[in-house]
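Novice: Mind looking over this structure? Questions follow.
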Amino acid sequence: MRFLTNDLYARKGYKFKSGEIDSYYSDKKWYKPINENEKIVYNTIEQQNLQLFKQRTAELKTDRDKLMNELKIFKATILSNDKVTLKNKYSFTTQNKQYKNITEALTKLNLEDVNWSKNKGLYSVTIDNGDYVMAYELKIEKNHVTVQYSSRGGSDIAESLYPSEFSDEFSFWWEFEWKNDTLKFIKMNVAG
Numbered sequence: 032m033r034f035l036t037n038d039l040y041a042r043k044g045y046k047f048k049s050g051e052i053d054s055y056y057s058d059k060k061w062y063k064p065i066n067e068n069e070k071i072v073y074n075t076i077e078q079q080n081l082q083l084f085k086q087r088t089a090e091l092k093t094d095r096d097k098l099m100n101e102l103k104i105f106k107a108t109i110l111s112n113d114k115v116t117l118k119n120k121y122s123f124t125t126q127n128k129q130y131k132n133i134t135e136a137l138t139k140l141n142l143e144d145v146n147w148s149k150n151k152g153l154y155s156v157t158i159d160n161g162d163y164v165m166a167y168e169l170k171i172e173k174n175h176v177t178v179q180y181s182s183r184g185g186s187d188i189a190e191s192l193y194p195s196e197f198s199d200e201f202s203f204w205w206e207f208e209w210k211n212d213t214l215k216f217i218k219m220n221v222a223g
């Protein structure tokens, strides 16, 4: 939506405040920025399109905010070990011995700092303790949410003669679906 909106503005000569956006359009032969954005006149169709883009952007932001709020509630529910709510609300069971891994992953993931591009969100953290490397990731694509817990093997910074833990490479990831303002667990996957 942002690209559609900016493209409409650029074709009218809108001068962007963001250097990144301005730089992008400055490379276009057709882009001729004007000095005063307030003097740009939009026809009826352009005004309708701008209004439609603005409305759709607001809807997408509202849905994203609801999803992120629900993920925070899910995280709090996992951390509090509320097995009844996990099962009834999210279809998530804690009988699996890998429950501790999703708990650790969610502890490491900062849901306040998810990075977004278009309809994709990502937050990941890699921790190398000098013995082994662990990676934790939250990935969101449209209505699909994945939480991942991975061991990437031995340390990248040191060669330990006697690792304190077995540092094999493996991943666990949990898939969820966001639909109708509801977060539901789909499945857990294992590799390695």
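Residue 223, in the working numbering, is where the sequence shown stops; the numbers in between run on with no holes.
Using N, Cα and C, we set each Cβ at its ideal position, and we do this for glycine too.
(1) What residues in its chain sit with their C-beta under 6 Å from that of ASN150, if we drop five residues either side in the sequence?
(2) Exposed or buried, TRP209, counting other C-beta atoms within 10 Å across all chains shown (16 or more means buried)?
(3) For the 8 Å Cβ check, are there 3 or more pairs between the segment 150-163 and the segment 120-134?
(4) Who are the near neighbours of PHE105 in its chain, counting only those whose CB is closer than 7 Å to its CB and skipping five residues on each side?
(5) Of the choices MET165, VAL145 and GLN129, whose alpha-carbon is the least far from that of MET99?
(6) By DSSP, does MET99 sit in helix, in strand, or in coil?
(7) Give the single residue among THR125, ILE158, VAL164 and GLU168 whose Cα lies nearest to the Cα of ASN141.
(8) Between which two residues does the beta strand (DSSP E) carrying GLY50 extend?
(9) Relative to the C-alpha of LYS60, which candidate in LEU81, LYS70 and ARG42 has its C-alpha closest?
(10) Measuring alpha carbon to alpha carbon, tell me which residue in ILE71, SER111, ASN160 and ASN119 is nearest LEU137.
(11) Is it right to say ILE76 is buried, meaning 16 or more other beta carbons lie within 10 angstroms of its own, or is it exposed?
(12) How big is the Cα-Cα spacing for LYS139 and GLN179?
Specialist: By the coordinates alone:
(1) LYS173
(2) buried
(3) no
(4) TYR121 and LEU214
(5) VAL145
(6) helix
(7) GLU168
(8) Not the beta strand (DSSP E): GLY50 falls in the alpha helix (DSSP H), residues 50-57.
(9) ARG42
(10) SER111
(11) exposed
(12) 11 Å
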